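Numbering (the working numbering), first residue to last: 634 to 771.
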């Protein structure tokens, strides 16, 4: 099973993530988002951060989680490579994200993501596995 795929959307960026479980889905959505910013292979694991987010639905929780990761990138330049979902319920997620500060000498800049949006967000279970679609404002 592929982890994620990029969706071509005029004026924005889109992502479809996949997982055998909801935690795996969230992990793959985060990795997919980071892959829009730079190559995942170029990110070294130098530090880890705890991330918490809450939402009123699974879709809202995914958007809140991704926006929390965007916040860390915007404020500290932190970009993740490995994501471990520690706890997940229908309205709360706690994760550990490992990576490093973005370095333009080593990380080729990709898209500058402003936010994960609620526009056409979708989280669903299909044939025993999970799939999510997210559009990012760039």
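For glycine and all other residues, C-beta sits at the position ideal for the given N, C-alpha and C.
These numbers were taken from a predicted model, which means no experiment stands behind them.
Starting from residue 753, trace the beta strand (DSSP E) both ways and give me its first and last residue.
Residue 753 sits at position 120 when you count from the first residue of the chain shown. Taken as a continuous stretch (DSSP letters only), the beta strand (DSSP E) holding residue 753 covers 748-759.
Residues sharing a beta bridge with residue 637, DSSP:
Taking the chain shown and counting its residues from 1, one reaches residue 637 at position 4. Note: residue 637 sits in a beta bridge opposite 650.
Close Cβ partners of residue 679 (< 7 Å) along its chain, the five nearest in sequence each way excluded
Against the chain shown, residue 679 aligns to sequence position 46. Contacts found: 733.
Three-state secondary structure (DSSP) of residue 722
Locating residue 722 in the chain shown gives position 89, counting from the first residue. In the three-state DSSP reduction, residue 722 falls in the coil class, being neither helix nor strand.
Pick out whichever of 655, 648, 645 has its Cα sitting closest to the Cα of residue 759.
Mapped onto the chain shown, residue 759 falls at position 126. Checking every option, the nearest Cα to that of residue 759 belongs to 655.
Length of the line joining the Cα atoms of residue 709 and residue 671:
Against the chain shown, residue 709 aligns to sequence position 76. Against the chain shown, residue 671 aligns to sequence position 38. Answer to the nearest angstrom: the Cα atoms are 16 Å apart.
From the DSSP secondary-structure annotation, give me the bridge partner or partners of residue 713.
The sequence position of residue 713 within the chain shown is 80, counting from 1. BP columns for residue 713 point to 732.
For my contact list, residue 648 and residue 730 are in at a C-beta cut-off of 8 Å; report their separation, rounded to the angstrom.
Residue mapping note: residue 648 aligns to position 15 of the chain shown, counting from 1. Residue mapping note: residue 730 aligns to position 97 of the chain shown, counting from 1. Residue 730 and residue 648 do not touch by the CB rule: their CB atoms are close to 17 Å apart, not below 8 Å.
Whole angstroms are fine: how far does the CA of residue 690 sit from the CA of residue 752?
The sequence position of residue 752 within the chain shown is 119, counting from 1. The sequence position of residue 690 within the chain shown is 57, counting from 1. Cα to Cα, the separation comes out at about 15 Å.
If you follow the beta strand (DSSP E) that residue 768 is in, where does it begin and where does it stop?
Taking the chain shown and counting its residues from 1, one reaches residue 768 at position 135. Unbroken beta strand (DSSP E) run through residue 768: 762-770.
By the three-class DSSP mapping on this structure, what secondary structure does residue 738 have?
As a first step, residue 738 must be located in the chain shown, where it is residue number 105. Under the three-state reduction of DSSP, residue 738 is assigned to coil, being neither helix nor strand.
Test item: CB-CB of residue 651 and residue 634 under 8 Å:
Numbered from 1 along the chain shown, position 18 holds the residue referred to as residue 651. Numbered from 1 along the chain shown, position 1 holds the residue referred to as residue 634. Cβ distance < 8 Å, so residue 651 and residue 634 count as in contact.
Quick check on this structure: which residue in 639, 644, 677 has the alpha carbon closest to the alpha carbon of residue 740?
Along the chain shown, one-based indexing puts residue 740 at 107. Checked all of 639, 644, 677; the closest Cα to residue 740 is 677.
I need the straight-line Cα distance from residue 747 to residue 718, nearest angstrom please.
Here residue 747 is taken as the residue at index 114 of the chain shown, counted from 1. Here residue 718 is taken as the residue at index 85 of the chain shown, counted from 1. Taking the straight line joining both Cα atoms gives about 23 Å.
Going by the beta-carbon positions, is the gap between residue 724 and residue 688 smaller than 8 Å?
Taking the first residue of the chain shown as position 1, residue 724 is located at position 91. Taking the first residue of the chain shown as position 1, residue 688 is located at position 55. It is a contact, given that the beta carbons lie within the stated cut-off.
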